[in-house]
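Residue numbers (the working numbering): 879 to 1143.
For every residue, glycine included, the Cβ atom is placed at its ideal position computed from N, Cα and C.
Treat the numbers as computed from the prediction; the structure is a model and nothing was measured.
First up is the structure itself, then whatever we jot down about it.
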Ligand code: KIV
């Protein structure tokens, strides 16, 4: 089984094929997702909401992301593992950012994702790649900046805004990013970016023409019910499965049906 790397993803783009990315936060989910053939597994900071019940991604830090990175890395053999660097873990200065990034690699990540595009982020990407760590960019709607943006708002809607996003994508590519997530971007703008940069783009609510497509695993499995973005597709109903199983166990216990003869020592 060949490990997915930055080269695999670039080859997929060049062959005009598509790749998949799902988030995972724990060992067994990561293992099954990997066995299903998903190409990239993201320890997304979305775990703040889906796994830890916080209101947004800005509530978690390096400690939490380290624990989940370690767990996911143990379950994965084939997929490329990317850790989202959490809010404030890479924005103070380059040395502290590199320390935090390096620690995620030591815990088993194969690369990191950084949100935004400005002079500082470009410099940080250059330094991170020079240190030997692949960087996935993330532009369009960047959840860690939602307080500045003013909510979950589609980005790149006007011609000027779409052009600005294209400029950002080119800057991230020049800085050394190996792929870029485009979040909540109109399909046409994402298509134009995909056609005008040589590194893969990943659609997170950015339409059909990107090279890769990402979904939060809890949305994909029908597990998270607090809110569901328009671009999420529910492939199962884990919420029902979990509730049904728990109800059955509860009934069996109350009705003295658990444990039975074969379940005792
Ligand atoms: O945190 C996350 O899960 C993400 C993806 C949705 C791209 O950043």
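Residue 904 beta carbon less than 9 angstroms from that of residue 940: Here the question's residue 940 lines up with position 62 in the chain shown. Here the question's residue 904 lines up with position 26 in the chain shown. Going by beta carbons, residue 940 and residue 904 fall outside the 9 angstroms limit.
Any non-hydrogen atom of the ligand KIV closer than 8 angstroms to residue 1043 Cβ: The residue labelled residue 1043 in the question sits at position 165 within the chain shown. Result no, Cβ not under 8 angstroms from the ligand KIV.
Cβ neighbour criterion (16 or more within 10 Å) applied to residue 1022: What you label residue 1022 is simply residue 144 of the chain shown in a count that begins at 1. By the 10 Å Cβ count, residue 1022 comes out buried.
beta-carbon residue 971 near the ligand KIV non-hydrogen atom, thresh 8 angstroms: Position 93 of the chain shown holds residue 971. Checking the Cβ of residue 971 against the ligand KIV gives no.
Residues near residue 1020 by beta carbon distance below 6 angstroms, same chain, minus five either side: Translated into positions along the chain shown, residue 1020 becomes position 142. Hits under 6 angstroms: 993 and 994.
Buried or exposed by the 16-neighbour rule on C-beta atoms within 10 Å, applied to residue 1033: Here residue 1033 is taken as the residue at index 155 of the chain shown, counted from 1. Burial check for residue 1033: the Cβ neighbour count within 10 Å reaches 16 or more, so the residue is buried.
Buried versus exposed call for residue 913 [16 or more other C-beta atoms within 10 Å across all chains shown]: On the chain shown, residue 913 is found 35 positions in, with the first residue counted as 1. Within 10 angstroms of the beta-carbon of residue 913 lie fewer than 16 other beta-carbons, which makes it exposed.
Residue 962 beta carbon near the ligand KIV (any heavy atom closer than 8 angstroms): For the purposes of this step, residue 962 is taken as the residue at position 84 of the chain shown. Because some heavy atom of the ligand KIV lies under 8 angstroms away, the Cβ of residue 962 counts as near it: yes.
Distance CB(residue 921)-CB(residue 975) smaller than 9 angstroms: Position 43 of the chain shown holds residue 921. Position 97 of the chain shown holds residue 975. Cβ distance not < 9 angstroms, so residue 921 and residue 975 don't count as in contact.
Neighbourhood of residue 1053 by C-beta distance below 7 angstroms, restricted to the same chain and skipping five residues each side: Your numbering for residue 1053 matches position 175 in the chain shown. Within the same chain, residue 1053 has close Cβ partners 1000, 1003 and 1004.
Beta-bridge pairing of residue 1057 - partner residues as DSSP gives them: In the chain shown, residue 1057 corresponds to position 179, counting from 1. Answer is 1014.
Residue burial classification, residue 966 (beta-carbon count within 10 angstroms, cutoff 16): Position 88 of the chain shown, counted from the start, is the residue given in the question as residue 966. Per the 10 Å Cβ criterion, exposed.
Reference residue 1124, options 902, 955 and 1136, closest by Cα: If you number the chain shown from 1, residue 1124 lands on position 246. Taking only the C-alpha atoms, the option nearest residue 1124 is 1136.
Coil, strand or helix - residue 1091 by DSSP: On the chain shown, residue 1091 is found 213 positions in, with the first residue counted as 1. Strand, per DSSP.
Coarse secondary structure for residue 1072, derived from DSSP in three states: Here residue 1072 refers to the residue found at position 194 when the chain shown is read from its first residue. Helix.
Outcome for residue 982 when other beta-carbon atoms lying within 10 angstroms are tallied against a minimum of 16: Here residue 982 is taken as the residue at index 104 of the chain shown, counted from 1. Classification for residue 982: buried.
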